[in-house]
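Chains as they are written, first to last, in this note's numbering: chain F, 5 to 225; chain B, 58 to 512.
Please read the structure below before turning to the comments.
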Amino acid sequence: MKFLLVEDNIELANAICSRMQLDGHVIDHAANLSDADAFSRTGEYDLILLDIMLPDGDGRSFLKAHRAGENDTPVIVLTARSQVSDRITLLDLGADDYITKPFDHAELQARCRAVLRRKAGTARTITRYGDVAFDPVAGHLTVGDNVINLRNRELRLLELLISAPGQIFPKTKLIDRLFSYEEDVSENAVEVYIGRLRKHLENTGVTITTHRGLGYRLDHD
Amino acid sequence: MTDVVRVSGSLRNRLAVTLVGGAAILAILLFIIVRSYAAQIAQQGQDQIIGASVSSILDAAVVRDGAVEVDFPYASLSMLGTERDDRVFYAIYQDDAVISGYENLPRPQWQSGENRTFETVVFDGVPIRMASATRTLIGANVRIQIAVSVGQTQDALSGTLNQISQNVALFGIGFFALAALIAFWATATTFDQLQTLTTAIARRGPKDLRPVARPIPAELAPLVSSLNSLMGRLNQSLLQSENFMTEAAHRVRTPLATVRSHAETTLQRVEKPENRQALRAMVRAIDESSRAAGQLLDHAMIAFRADNMEQQDINLGDLVQELLMQLTPIAEMKDIAFEMAQEPDVIMVGDPILMQNAVRNLIDNALKYAPAESTISISVSHSPSPNVEICDQGQGFAPDEIGDLAKRFKRGANVAGIVGSGLGLTIVEDVAHAHGGKLTLTNRRQGGACATLSF
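Here it is, written out as C-alpha cells:
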C-alpha cells in the first residue's frame with residue numbers, strides 16, 4: 005500500500021517510515037502542511053497518516069481543506085491526546101479514524117485495514133500468488149470461485165509470508181507479528197496458525213514448508 | 058468545588074421585615090392619631106353642650122328683693138340627655154356657698170382671669186366632665202357673685218370613642234395587611250431578577266464561561282460585571298492550561314512514539330533472545346507509561362467534570378455502538394467478536410463524555426483480558442434500571458479481590474503480566490457515582506468476568 009505520512013518530528017517520521025517499509029509498504033513523508041498539500045495533490049495514496057500539531061498550522065485545517073476538496077483518500081489522525089472529546093472533534097472534522105501516540109504498529113495496520121474496508125476501495129491491494137488471490141483488506145483468500153475468510157491472525161501471518169515468497173521467516177518474527185507485546189507467548193503458539201493456514205491452502209498448489217531450526221517459507225508448485 | 062457559601066442574613070428577609078415593620082409602625086401611628094383626634098372632637102362636643110347648659114342656668118338667675126332667684130327651665134338639663142342615660146349633676150353657688158344642687162360636687166378650679174372652666178373630676182366614684190361659669194348679678198345696691206357647675210358622666214362619650222377606636226383599628230389592620238402584601242410583592246419581583254440571573258448561570262455547562270449577556274437591573278450591574286471579568290480570567294486560565302496539557306502531551310508522547318517505533322523495527326532485525334527480551338520490555342514500559350499518563354489525565358478530567366456535569370439525554374445503545382465501531386480493529390487483532398444485545402431507546406440523563414469514557418474503559422478491559430478468538434457480549438437494557446453489561450470469556454476476577462479492584466492503582470494479582478494503570482475501574486466507578494449509579498463486578502458461572510454499570 006502507499007501511504008502519506010504528515011509528521012513534523014523527523015525522528016518519529018523516520019521510525020514510522022522504516023517500520024512501514026519493513027512491512028513492504030511505500031511511504032512518502034511530508035514534514036509540514038504545505039508539503040502535505042503538494043504531496044496529496046500530485047500523488048495517489050491509499051491512506052494519509054496525519055499529525056495534528058505541525059509547524060505551519062493545525063492538521064485539522066488540512067483535514068477540513070482535504071475534505072472540502074472532495075479528496076476521498078482516507079485519513080487516520082495521529083494524536084497525542086487521548087481524551088474522548090478530542091476524538092469526537094476529529095471524527096466530526098472528517099478523519100476516518102485516529103490513533104493515540106505512542107501506538108502499536110499492528111494496531112495501526114488493523115485500523116488502516118478497517119478504514120480501507122469501509123471505503124471499499126480494495127481492488128489494487130490484492131496480491132496474487134500461484135492460483136491464490138489474497139485480499140488483506142477484505143481479509144479473504146480467493147481460490148478459483150472459492151472465497152475463504154481468514155481470521156485476523158491468519159491474515160496477518162499470510163500477509164507477511166506472501167510479502168516475500170520463497171524467503172524463510174524465523175518463528176520469532178512471526179510471533180512479533182501476531183502477538184501484542186503485552187503477552188508472553190511461547191514460540192510454539194505460532195504453529196497453531198501455520199496449521200490453519202495450511203488447511204486453507206490445501207489443494208491450491210501453495211504450501212507453507214517448515215525448515216527445522218530456521219522457520220517457515222511460502223512456496224508454490 | 059461546591060463549597061457551601063457562608064450565609065449571613067437574607068436580603069429578601071431584611072427588605073421584607075423593613076417594609077412590613079414600617080407598615081406596622083405606620084398603622085399604629087395612624088390608629089393613635091385618629092383616635093386622639095376623635096376623642097378631642099367628641100370632648101369638644103360634650104363641652105359645648107355642658108357649657109350651653111351652664112349658660113342657660115346662669116341666664117335664668119335674677120336678683121329679686123336682694124335675694125338670688127334661679128328658676129332655670131327644664132330644657133337646661135334635658136339638653137344633656139344621651140342615649141346612654143348619662144347622669145347629670147349641678148350645683149349653684151352664691152359666694153362660694155351652695156344654694157342649690159349637689160352639695161359635695163367638687164368645687165370648680167378657676168383659672169386666673171377666666172370666668173368659665175372645663176375640667177374632668179371624680180364624683181361619686183366615676184369620672185365626670187364638669188363645666189363651670191360665674192356671673193355677677195347686680196340688683197339694687199347689691200352685687201352678687203354666683204357660679205354654676207354642671208357635670209355629666211361620660212358613658213356615651215366613651216361608647217362613641219370605643220366605636221371610633223374599633224373602626225380605626227379595623228382600618229389600621231386593613232392598611233397594614235395591604236402594605237405587607239405590597240411589601241412581599243415588591244421583594245418577590247426584586248429578587249426574581251436575581252433568581253433568573255442565578256438560574257441562567259447555574260444552568261450552564263461545565264465549559265460555558267461566556268460573559269452574561271442578558272439585560273440586568275442597574276443595581277446588579279457591578280456584581281455581574283465583576284462576575285463576567287472573573288469568568289473571563291477563568292476561561293483564559295482554563296484555555297492556557299488546556300493548551301499546556303495538549304503541548305505537554307504532544308512533547309511527551311511524540312518521543313515515546315519514536316522510541317516505540319524504533320524498538321519495534323529493531324525487534325524485527327535482531328535474533329539474540331536477550332536483545333529481543335530487552336526490546337520487548339522496552340515496548341511494554343512505553344505502553345505502560347503512556348497508558349498511565351492517559352488514564353491520569355482522564356481521571357483528572359473526570360474529577361473536574363463530575364462537579365459540573367452536563368445533563369443530556371444519552372442513548373446508551375447508540376453510545377455503545379459507536380464505541381464498538383471504534384474498537385473493532387483492536388478486537389479483530391485478537392480475533393475477538395463483539396456480541397451486542399440491545400433493547401431499543403435505553404435513555405439516561407448524564408454527561409456523554411464521562412459516559413463514553415466509562416464504557417470505553419470497560420470494553421478496553423474486556424479486550425485486554427479476554428483470550429484470543431473469544432466473544433465479548435454486551436447488553437444494554439432497561440430493567441431493572443438503565444444498565445450496560447459487558448462480559449468476557451476470560452479468567453474472571455479473583456473472588457477475594459473483587460471488592461477492591463475499583464480502588465485507585467489496585468490491580469488484580471492474576472493479571473500481573475498485562476499492561477494496565479490500575480485506574481480504569483476507578484474511573485468507571487467515579488463516573489457511575491457521579492450519575493447516581495453503580496459498578497458491579499461479578500464472575501459468570503460458565504467462566505469470564507462481567508462488569509455492569511447501572512443507573
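Every residue gets a Cβ at the ideal spot worked out from N, C-alpha and C, and that includes glycine.
All values derive from a computational prediction rather than experimental measurement.
Contact list for D392 (chain B) against chain F, beta-carbon separation under 9 Å: R155, N156, R157, E158
Member of B:L284, B:D181, B:G196 whose CA lies at the smallest distance from the CA of T210 (chain B): B:D181
7 Å Cβ cutoff, I80 (chain F) in contact with chain B: no
For R122 (chain F), the nearest candidate out of F:V141, F:R157, F:I56 (CA to CA): F:V141
Minimum Cβ-Cβ distance from T126 (chain F) to chain B less than 7 Å: At T126 (chain F) the pLDDT is 49, less than 50, meaning the model places this residue with poor confidence and gives no usable figure here.
Among B:V403, B:R326, B:D364, nearest to Q378 (chain B) - alpha-carbon criterion: B:V403
Under 8 Å from the C-beta of L26 (chain F): neighbouring residues of chain B: T322, Q325
Three or more C-beta pairs below 8 Å linking the stretch 89 to 106 of chain B and the stretch 205 to 224 of chain B: yes
When B:S67, B:E486, B:F88, B:R333 are compared against I230 (chain B), the one with the closest alpha-carbon: Checking every option, the nearest Cα to that of I230 (chain B) belongs to B:F88.
Contact between the stretch 491 to 506 of chain B and the stretch 445 to 454 of chain B (3+ Cβ pairs under 8 Å): yes
Residue nearest to G209 (chain F) in terms of C-alpha spacing, selected from F:G98, F:T83, F:R132: F:R132
Chain F residues whose Cβ lies nearer than 9 Å to that of E486 (chain B): Under the 9 Å cutoff, chain F gives no residues; its nearest Cβ is about 17 Å from E486 (chain B).
N285 (chain B) versus S438 (chain B): straight-line alpha-carbon distance, rounded: 44 Å
Chain F within 7 Å of P428 (chain B), Cβ atoms only: no
Through-space distance from S222 (chain B) to S133 (chain B), alpha-carbon basis: 31 Å
Check: E430 (chain B) C-beta below 6 Å from any heavy atom of the ligand ADP: The ligand ADP is absent from the structure shown, which contains no ligands of any kind.
As assigned by DSSP and simplified to three states, the class of D55 (chain F): strand
Cβ-based neighbour list, R411 (chain B), same chain, cut-off 8 Å, excluding 5 preceding and 5 following: It is Leu, not Arg, that sits at residue 411 (chain B) in the sequence shown. Result list for L411 (chain B): I359, R362, A363, M366, V488, A491, H492, in chain order.
Top-ranked residue by Cα proximity to R85 (chain F), from B:T311, B:G505, B:N422: B:T311
Within-7 Å CB hit, M57 (chain F) to chain B: yes
Secondary structure, alpha helix (DSSP H): runs of 4+ residues fully inside the stretch 255 to 335 of chain B: 278 to 326
Residues from the stretch 293 to 318 of chain B in contact with chain F, defined by Cβ distance under 7 Å: T303, A306, H307, R310, T311, L313, A314, T315, R317, S318
Amino acids of chain F, ordered along the chain, whose beta-carbon sits closer than 7 Å to that of E331 (chain B): Within chain F, no residue comes near E331 (chain B); the closest Cβ sits about 13 Å away, beyond 7 Å.
Among B:A415, B:S442, B:M405, B:C448, nearest to Y426 (chain B) - alpha-carbon criterion: B:C448
Supposed contact pair Q399 (chain B) and G374 (chain B) - C-beta distance, whole angstroms, cut 8 Å: In this structure G374 (chain B) is in contact with Q399 (chain B), their Cβ atoms being roughly 4 Å apart against a cut-off of 8 Å.
Proximal chain F residues relative to D344 (chain B), where beta-carbon distance stays under 8 Å: P106, D108, Y185, E186
Where R468 (chain B) falls: helix, strand or coil (DSSP): coil
C-beta neighbour in chain F for E389 (chain B), strict 7 Å: Interface flag for E389 (chain B) against chain F is set, since a Cβ pair is found closer than 7 Å.
Contact belief for G123 (chain B) with A197 (chain B) at Cβ below 8 Å, rounded distance in angstroms: 7 Å
Within-7 Å CB hit, S431 (chain B) to chain F: no
Reduced DSSP category for K175 (chain F) - H, G, I as helix; E, B as strand; rest coil: helix
Separation of I14 (chain F) from D39 (chain F), as counted between CA atoms: 14 Å
Chain-ordered neighbours of P456 (chain B) on chain F, where CB pairs are closer than 7 Å: Here the premise fails: no neighbours, minimum Cβ distance about 24 Å.
Residue closest to Q368 (chain B), alpha-carbon to alpha-carbon, out of B:R260, B:I149, B:A508, B:I114: For Q368 (chain B), the closest of B:R260, B:I149, B:A508, B:I114 by C-alpha to C-alpha distance is B:R260.
R337 (chain B): contacting residues in chain F (beta-carbon distance under 8 Å): Y185
Rounded straight-line distance, which links the Cα of L295 (chain B) to that of S283 (chain B): 18 Å
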